[in-house]
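Numbering (the numbering used here), first residue to last: 401 to 673. Ideal placement from N, C-alpha and C gives every residue a C-beta, glycine not left out.
Structure, rendered in C-alpha coordinates:
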(Lines of atoms letter the chains of each structure in order from A and count residues from 1; the text may use other names and numbers.)
(Lines give C-alpha, C1' and ligand atoms only; values in the text may rest on other atoms or scores of the structure.)
Protein backbone atom coordinates (compact mmCIF):
# COMPACT_ATOMS: atom_id res chain seq x y z
CA UNK A 1 0.00 0.00 0.00
CA UNK A 2 1.31 3.40 -0.87
CA UNK A 3 1.55 5.88 1.96
CA UNK A 4 2.49 9.51 2.19
CA UNK A 5 3.22 11.96 4.96
CA UNK A 6 2.19 15.62 5.09
CA UNK A 7 3.92 18.54 6.76
CA UNK A 8 0.64 19.90 8.15
CA UNK A 9 -1.98 17.97 10.03
CA UNK A 10 -4.73 19.84 8.20
CA UNK A 11 -3.39 18.76 4.82
CA UNK A 12 -4.61 15.91 2.66
CA UNK A 13 -2.71 13.11 0.96
CA UNK A 14 -0.48 13.30 -2.08
CA UNK A 15 -0.77 11.22 -5.21
CA UNK A 16 2.33 9.54 -6.60
CA UNK A 17 3.64 9.95 -10.12
CA UNK A 18 4.00 6.25 -10.78
CA UNK A 19 2.69 2.98 -9.42
CA UNK A 20 4.94 1.48 -6.80
CA UNK A 21 6.95 -1.66 -7.23
CA UNK A 22 6.90 -4.15 -4.35
CA UNK A 23 10.30 -3.15 -2.99
CA UNK A 24 9.47 0.54 -2.95
CA UNK A 25 6.12 -0.08 -1.29
CA UNK A 26 7.86 -2.05 1.46
CA UNK A 27 10.33 0.75 1.99
CA UNK A 28 7.56 3.31 2.28
CA UNK A 29 5.61 1.11 4.70
CA UNK A 30 8.64 0.70 6.92
CA UNK A 31 9.45 4.41 6.65
CA UNK A 32 5.94 5.38 7.72
CA UNK A 33 6.15 3.00 10.68
CA UNK A 34 9.48 4.44 11.78
CA UNK A 35 8.19 7.96 11.31
CA UNK A 36 5.11 7.36 13.46
CA UNK A 37 7.35 5.86 16.14
CA UNK A 38 9.49 9.00 16.13
CA UNK A 39 12.51 7.21 14.63
CA UNK A 40 13.13 9.78 11.92
CA UNK A 41 16.67 8.76 10.96
CA UNK A 42 15.50 5.21 10.31
CA UNK A 43 12.51 6.58 8.40
CA UNK A 44 14.80 8.71 6.26
CA UNK A 45 16.91 5.65 5.43
CA UNK A 46 13.82 3.78 4.25
CA UNK A 47 12.70 6.70 2.11
CA UNK A 48 16.22 6.90 0.65
CA UNK A 49 15.74 3.28 -0.40
CA UNK A 50 12.33 4.10 -1.88
CA UNK A 51 13.82 6.92 -3.96
CA UNK A 52 16.66 4.69 -5.14
CA UNK A 53 14.29 1.81 -6.04
CA UNK A 54 11.83 4.02 -7.91
CA UNK A 55 13.34 7.44 -8.71
CA UNK A 56 10.23 8.60 -10.58
CA UNK A 57 7.76 8.07 -7.73
CA UNK A 58 6.81 11.48 -6.34
CA UNK A 59 5.43 10.04 -3.09
CA UNK A 60 8.88 8.77 -2.15
CA UNK A 61 10.34 12.27 -2.42
CA UNK A 62 7.43 13.82 -0.54
CA UNK A 63 7.85 11.32 2.32
CA UNK A 64 11.55 11.98 2.49
CA UNK A 65 10.93 15.71 2.40
CA UNK A 66 8.52 15.53 5.32
CA UNK A 67 11.00 13.47 7.32
CA UNK A 68 13.81 15.89 6.52
CA UNK A 69 11.61 18.69 7.81
CA UNK A 70 11.25 16.81 11.08
CA UNK A 71 15.03 16.43 11.21
CA UNK A 72 15.52 20.14 10.59
CA UNK A 73 17.01 19.71 7.11
CA UNK A 74 14.69 22.31 5.57
CA UNK A 75 16.72 23.07 2.44
CA UNK A 76 17.05 19.39 1.60
CA UNK A 77 13.31 18.98 2.14
CA UNK A 78 12.71 21.78 -0.36
CA UNK A 79 14.91 19.91 -2.85
CA UNK A 80 12.72 16.82 -2.42
CA UNK A 81 9.55 18.84 -2.97
CA UNK A 82 11.13 20.38 -6.07
CA UNK A 83 11.72 16.91 -7.47
CA UNK A 84 8.22 15.75 -6.56
CA UNK A 85 6.74 18.77 -8.33
CA UNK A 86 8.84 18.08 -11.42
CA UNK A 87 7.19 14.65 -11.50
CA UNK A 88 3.66 15.80 -10.60
CA UNK A 89 3.47 19.51 -11.46
CA UNK A 90 -0.27 19.91 -10.84
CA UNK A 91 -0.56 18.52 -7.32
CA UNK A 92 -1.76 21.26 -4.92
CA UNK A 93 -0.72 19.38 -1.79
CA UNK A 94 2.92 19.30 -2.85
CA UNK A 95 2.86 23.05 -3.47
CA UNK A 96 1.31 23.38 -0.02
CA UNK A 97 4.05 21.29 1.58
CA UNK A 98 6.81 23.18 -0.22
CA UNK A 99 5.20 26.44 0.84
CA UNK A 100 5.39 25.31 4.46
CA UNK A 101 9.06 24.44 4.01
CA UNK A 102 9.74 27.85 2.46
CA UNK A 103 8.08 29.52 5.45
CA UNK A 104 10.37 27.52 7.73
CA UNK A 105 13.31 28.76 5.66
CA UNK A 106 12.16 32.37 6.02
CA UNK A 107 11.34 32.67 2.30
CA UNK A 108 7.90 34.18 2.79
CA UNK A 109 7.19 35.58 -0.67
CA UNK A 110 8.20 32.37 -2.49
CA UNK A 111 5.94 30.56 -0.01
CA UNK A 112 3.10 32.89 -0.98
CA UNK A 113 3.72 31.83 -4.58
CA UNK A 114 3.41 28.14 -3.72
CA UNK A 115 0.25 28.63 -1.68
CA UNK A 116 -1.18 30.71 -4.53
CA UNK A 117 -0.55 27.86 -6.94
CA UNK A 118 -2.14 25.42 -4.48
CA UNK A 119 -5.37 27.43 -4.26
CA UNK A 120 -5.36 28.00 -8.01
CA UNK A 121 -5.36 24.23 -8.48
CA UNK A 122 -7.76 23.64 -5.57
CA UNK A 123 -9.84 26.75 -4.76
CA UNK A 124 -11.46 25.17 -1.68
CA UNK A 125 -8.08 24.24 -0.13
CA UNK A 126 -8.73 26.23 3.04
CA UNK A 127 -5.44 25.34 4.75
CA UNK A 128 -3.51 26.74 1.79
CA UNK A 129 -5.52 29.98 1.98
CA UNK A 130 -4.78 30.24 5.70
CA UNK A 131 -1.07 29.49 5.33
CA UNK A 132 -0.82 32.02 2.52
CA UNK A 133 -2.24 34.59 4.90
CA UNK A 134 0.38 33.62 7.45
CA UNK A 135 3.17 34.04 4.92
CA UNK A 136 1.70 37.38 3.85
CA UNK A 137 1.74 38.54 7.48
CA UNK A 138 5.34 37.44 7.96
CA UNK A 139 6.22 39.48 4.88
CA UNK A 140 4.39 42.53 6.25
CA UNK A 141 1.55 42.41 3.72
CA UNK A 142 -1.13 42.80 6.36
CA UNK A 143 -4.08 43.71 4.16
CA UNK A 144 -3.55 40.60 2.04
CA UNK A 145 -3.03 38.47 5.14
CA UNK A 146 -6.34 39.58 6.62
CA UNK A 147 -8.19 38.73 3.41
CA UNK A 148 -6.61 35.27 3.16
CA UNK A 149 -7.24 34.33 6.80
CA UNK A 150 -10.84 35.46 6.65
CA UNK A 151 -11.44 33.59 3.40
CA UNK A 152 -9.90 30.41 4.83
CA UNK A 153 -12.13 30.60 7.89
CA UNK A 154 -15.19 31.33 5.77
CA UNK A 155 -14.75 28.32 3.46
CA UNK A 156 -13.55 25.80 6.05
CA UNK A 157 -16.40 23.35 6.53
CA UNK A 158 -14.93 21.36 9.40
CA UNK A 159 -15.84 23.04 12.73
CA UNK A 160 -12.70 21.71 14.45
CA UNK A 161 -10.37 22.96 11.73
CA UNK A 162 -12.19 26.27 11.55
CA UNK A 163 -11.82 26.73 15.31
CA UNK A 164 -8.12 25.85 15.07
CA UNK A 165 -7.64 28.56 12.45
CA UNK A 166 -9.41 31.13 14.59
CA UNK A 167 -7.40 30.15 17.69
CA UNK A 168 -4.14 30.34 15.74
CA UNK A 169 -5.00 33.79 14.42
CA UNK A 170 -5.50 35.03 17.99
CA UNK A 171 -1.83 34.67 18.95
CA UNK A 172 -0.96 38.15 20.19
CA UNK A 173 2.20 39.69 18.82
CA UNK A 174 3.31 36.68 16.78
CA UNK A 175 2.62 35.93 13.14
CA UNK A 176 0.35 32.86 13.08
CA UNK A 177 1.80 30.22 10.82
CA UNK A 178 0.15 26.87 10.38
CA UNK A 179 3.52 25.18 10.07
CA UNK A 180 7.12 26.06 10.83
CA UNK A 181 8.87 23.06 9.38
CA UNK A 182 7.58 20.44 11.83
CA UNK A 183 5.32 17.81 10.27
CA UNK A 184 2.50 16.83 12.61
CA UNK A 185 0.66 14.02 10.88
CA UNK A 186 0.75 11.14 8.48
CA UNK A 187 -1.95 10.23 6.01
CA UNK A 188 -2.65 6.86 4.50
CA UNK A 189 -3.31 6.93 0.78
CA UNK A 190 -4.58 4.03 -1.30
CA UNK A 191 -2.53 3.31 -4.44
CA UNK A 192 -4.10 4.82 -7.55
CA UNK A 193 -5.27 2.52 -10.37
CA UNK A 194 -2.90 4.33 -12.76
CA UNK A 195 -0.05 6.86 -12.38
CA UNK A 196 -0.91 10.41 -11.40
CA UNK A 197 -4.48 9.84 -10.20
CA UNK A 198 -5.46 11.51 -6.93
CA UNK A 199 -6.33 9.32 -3.97
CA UNK A 200 -8.44 9.91 -0.87
CA UNK A 201 -6.71 10.31 2.47
CA UNK A 202 -7.55 9.83 6.11
CA UNK A 203 -5.88 12.60 8.18
CA UNK A 204 -4.94 12.19 11.81
CA UNK A 205 -6.09 14.78 14.42
CA UNK A 206 -4.62 18.17 13.46
CA UNK A 207 -2.50 20.64 15.36
CA UNK A 208 -1.19 24.06 14.40
CA UNK A 209 2.07 25.60 15.54
CA UNK A 210 3.10 29.24 15.63
CA UNK A 211 6.38 30.83 14.60
CA UNK A 212 8.16 33.76 16.21
CA UNK A 213 8.70 36.87 14.13
CA UNK A 214 12.06 36.98 12.33
CA UNK A 215 14.71 39.42 13.46
CA UNK A 216 14.18 43.04 12.47
CA UNK A 217 14.88 46.52 13.74
CA UNK A 218 13.15 47.41 17.05
CA UNK A 219 10.70 49.79 15.37
CA UNK A 220 9.70 47.22 12.78
CA UNK A 221 9.20 44.51 15.40
CA UNK A 222 6.91 46.74 17.46
CA UNK A 223 4.90 47.78 14.43
CA UNK A 224 4.53 44.22 13.19
CA UNK A 225 3.47 42.96 16.61
CA UNK A 226 0.80 45.62 16.82
CA UNK A 227 -0.37 44.98 13.27
CA UNK A 228 -0.70 41.24 13.73
CA UNK A 229 -2.44 41.68 17.07
CA UNK A 230 -4.85 43.99 15.26
CA UNK A 231 -5.55 41.31 12.66
CA UNK A 232 -6.10 38.78 15.42
CA UNK A 233 -8.57 41.07 17.19
CA UNK A 234 -10.52 41.67 14.01
CA UNK A 235 -10.85 37.93 13.42
CA UNK A 236 -11.91 37.54 17.04
CA UNK A 237 -14.64 40.19 16.65
CA UNK A 238 -12.94 43.05 18.50
CA UNK A 239 -13.27 45.65 15.76
CA UNK A 240 -12.47 48.67 17.95
CA UNK A 241 -9.39 47.02 19.43
CA UNK A 242 -8.25 46.03 15.93
CA UNK A 243 -8.52 49.59 14.67
CA UNK A 244 -6.61 50.92 17.68
CA UNK A 245 -3.74 48.47 17.18
CA UNK A 246 -3.55 49.04 13.44
CA UNK A 247 -3.52 52.81 13.85
CA UNK A 248 -0.76 52.54 16.43
CA UNK A 249 1.22 50.27 14.12
CA UNK A 250 0.75 52.68 11.23
CA UNK A 251 2.14 55.54 13.32
CA UNK A 252 5.45 53.76 13.97
CA UNK A 253 5.92 51.55 10.89
CA UNK A 254 9.17 52.67 9.20
CA UNK A 255 8.98 50.45 6.11
CA UNK A 256 7.18 52.18 3.20
CA UNK A 257 5.63 49.00 1.76
CA UNK A 258 4.33 47.82 5.12
CA UNK A 259 3.10 51.32 5.87
CA UNK A 260 1.13 51.27 2.62
CA UNK A 261 -0.29 47.83 3.42
CA UNK A 262 -1.45 49.06 6.82
CA UNK A 263 -3.08 52.09 5.23
CA UNK A 264 -5.02 49.92 2.79
CA UNK A 265 -6.14 47.57 5.54
CA UNK A 266 -7.24 50.41 7.81
CA UNK A 267 -9.31 51.96 5.04
CA UNK A 268 -11.10 48.68 4.46
CA UNK A 269 -11.84 48.14 8.13
CA UNK A 270 -12.86 51.73 8.77
CA UNK A 271 -15.28 51.52 5.85
CA UNK A 272 -16.95 48.47 7.42
CA UNK A 273 -17.61 49.31 11.08
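- Residue 483 has its alpha-carbon roughly 11 Å from the corresponding atom of residue 476.
- The Cβ neighbour count for residue 671, taken over all protein chains shown within 10 Å, is under 16; the residue is labelled exposed.
- DSSP places residue 483 in the helix class (H, G or I) of the three-state scheme.
- In the same chain as residue 521, and ignoring 5 residues on each side of it, the C-beta atoms closer than 8 Å to its own belong to 490, 491, 492 and 495, in chain order.
- Between residue 540 and residue 622, the CB-CB gap reaches or exceeds 8 Å.
- Residue environment for residue 524: exposed (fewer than 16 other C-beta atoms within 10 angstroms of its C-beta).
- Per DSSP, the unbroken alpha helix (DSSP H) holding residue 641 starts and ends at 639-652.
- Around the beta carbon of residue 651, fewer than 16 other beta carbons lie within 10 angstroms, which makes this residue exposed.
- For residue 501 and residue 637, the gap between their C-alpha atoms comes out near 31 Å.
- Per DSSP, reduced to three states, the secondary structure at residue 471 is coil, with no helix or strand assignment.
- Sequence-distant partners of residue 481 (beyond 5 residues in either direction) whose C-beta falls short of 8 Å from its own C-beta, in its chain, are 461, 462, 465, 494, 497, 498 and 501.
- Out of 516, 428, 434 and 544, the CA that lies nearest to the CA of residue 449 is found in 428.
- For the segment 518-554, not one full-length beta strand (DSSP E) segment reaches 3 residues or more.
- Assigned with DSSP and collapsed to three states, residue 568 falls in helix.
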